[in-house]
Amino acid sequence: MQVLVVDDNPIVRAGLVTLLRRMEQVESVEEAGDGVEAITSARRTSPDVVLLDVDMPRMGGLEALPELSSLSTVLMLTNSGQSETIRQALELGARGYLVHGGIGMKELAGALSTALMGGMVLGPEAAEVMLNGPAPQATNPLRAKVTEREAEVLDAAARGMTNEEIAREQFLSARTVKNYLNAAYPKLGVHNRAEAVLAWVNGGAPDRAGEGLS
337 MQVLVVDDNP IVRAGLVTLL RRMEQVESVE EAGDGVEAIT SARRTSPDVV LLDVDMPRMG
397 GLEALPELSS LSTVLMLTNS GQSETIRQAL ELGARGYLVH GGIGMKELAG ALSTALMGGM
457 VLGPEAAEVM LNGPAPQATN PLRAKVTERE AEVLDAAARG MTNEEIAREQ FLSARTVKNY
517 LNAAYPKLGV HNRAEAVLAW VNGGAPDRAG EGLS
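For the sequence shown, the working numbering assigns the number 337 to the initial residue and increments by one for each residue that follows.
Next comes the structure, spelled out in structure tokens:
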């Protein structure tokens with residue numbers, strides 16, 4: 337079995353490659369850092385299975401999915417367990433959806449084999465969406481303004497986590513976490529981390545001193 341790993345996080349990518357190379361059924365592993373690289377690699381190597389992240393620079397997983405699924409069997413393997421993302425991925429041709437953190441080597445090996453044989457592989461989050469539809473949730477209008485990865489970092493920051501704690505939880509460097517936050521500030525209409533967290537929790541730009549006073 338030939339596998340293509342697509343993830344913009346080099347630490348996650350390296351971990352998956354190491355894991356895959358320990359599996360007897362995996363003969364070769366290729367890597368790509370975004371959707372553009374993934375499509376180029378898939379056209380060249382014709383992998384049996386593509387493990388695809390969602391939020392990546394240049395071209396994200398959902399954008400690349402239609403073409404990748406025409407070239408290979410695609411399994412989503414990502415940090416995002418949002419119901420709308422899961423629904424879109426399955427509609428666009430993914431043969432499965434798994435979320436990081438709840439899968440080991442045995443589970444991943446089984447998922448690869450099942451998908452390659454034409455089966456559907458669903459983690460708990462995806463299974464719930466398939467059975468019950470998207471879970472009702474309060475809509476934060478700010479989520480539409482940022483990328484999936486920026487939203488994940490903001491969610492963690494809103495829980496009171498430091499950049500270092502977020503980095504450890506999401507397998508990022510502290511610098512990368514800071515970069516995601518800095519990229520989100522202008523999209524949220526804020527200037528610093530405290531304002532961003534307040535805006536994120538409230539679902540809108542925070543009140544600033546003096547604003548709204550006549």
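A virtual CB, placed ideally from N, CA and C, is assigned to each residue, including glycine. Small disclaimer: the values here were computed from a predicted structure and weren't measured.
Notebook entry, point to check: Which residues in the same chain as Ala471 place their Cβ atom closer than 8 Å to its Cβ, once the five residues preceding and following it in sequence are excluded?
Noted result: Reliability of the predicted coordinates at Ala471 is poor, the pLDDT of 49 falling under 50, and no value is obtained from them.
Notebook entry, point to check: In this structure, does DSSP put Ser449 in helix, strand or coil?
Noted result: helix
Margin query: Whether or not the region 388-406 and the region 355-367 are in contact is what I'm after, with contact meaning three or more pairs of Cβ atoms, one per stretch, closer than 8 Å; do they touch?
Written below: no
Item checked: Same chain, Cβ closer than 6 Å to Met395, five either side skipped, listed in chain order -> Correct list, in chain order: Asp370, Gly371 and Val372.
Check: On the three-pair Cβ rule with 8 Å, is the region 485-496 touching the region 521-539?
Finding: The region 485-496, when compared against the region 521-539, does touch it at the 8 Å Cβ threshold.
Check: Between Gly454 and Asn538, what straight-line distance do the alpha-carbon atoms span, to the nearest angstrom?
Finding: 44 Å
Checklist line | Backbone CA spacing between Gln338 and Thr381 [nearest angstrom] | finding: If I take the Cα positions, the gap works out to 9 Å.
Checklist line | Contact under 8 Å by Cβ, Val410 with Leu434 | finding: no
Notebook entry, point to check: Going along the chain, which residues of its own chain have a beta-carbon closer than 8 Å to the beta-carbon of Glu505, five neighbours each way excluded?
Noted result: Ala492 and Met497
Margin query: Just checking: is the beta-carbon of Gly397 within a distance shorter than 8 Å of some beta-carbon in chain D?
Written below: Of the chains in the structure shown, none is chain D; there is only one protein chain.
Checklist line | For Ser419, the three-state DSSP class (helix, strand or coil) | finding: helix
Check: Going by C-alpha distance, which of Leu413, Asn499, Arg485 and Gly437 is nearest Ala430?
Finding: Checked all of Leu413, Asn499, Arg485 and Gly437; the closest Cα to Ala430 is Leu413.
Check: Which term fits Ala400, buried or exposed, when burial requires 16 or more other beta carbons within 10 angstroms of its beta carbon?
Finding: buried
Note to self: Are the CB atoms of Ser377 and Leu340 within a distance shorter than 8 Å?
What the structure shows: At the C-beta level, Leu340 and Ser377 come within 8 Å of one another.
Next item on the list: Classify Thr354 as buried or exposed, calling it buried when 16 or more other Cβ atoms lie within 10 Å of its own Cβ.
Entry: Looking at its Cβ environment, which holds fewer than 16 other Cβ atoms inside 10 Å, Thr354 is exposed.
Check: At what residues does the beta strand (DSSP E) containing Gly432 begin and finish?
Finding: Gly432 to Val435
Next item on the list: In angstroms with no decimal places, state the Cα-to-Cα distance between Pro523 and Gly417.
Entry: It should be noted that the sequence gives Lys, not Pro, for residue 523. Lys523 and Gly417: Cα-Cα distance of roughly 23 Å.
Note to self: Going by beta-carbon coordinates alone, are Glu484 and Tyr516 separated by less than 8 Å?
What the structure shows: no
Margin query: Between which two residues does the alpha helix (DSSP H) holding Ala368 run?
Written below: Looking at the DSSP string, Ala368 is not in any alpha helix (DSSP H); the run it does join, the beta strand (DSSP E), is Ser364 to Ala368.
Item checked: Backbone secondary structure at Val465 - three-state DSSP -> helix
Notebook entry, point to check: On the three-state DSSP scale, how would you describe Thr580?
Noted result: This structure gives no information on residue 580, because the portion of the chain shown stretches from 337 to 550.
Check: Ala350 to Val365, Cα distance in whole Å?
Finding: 11 Å
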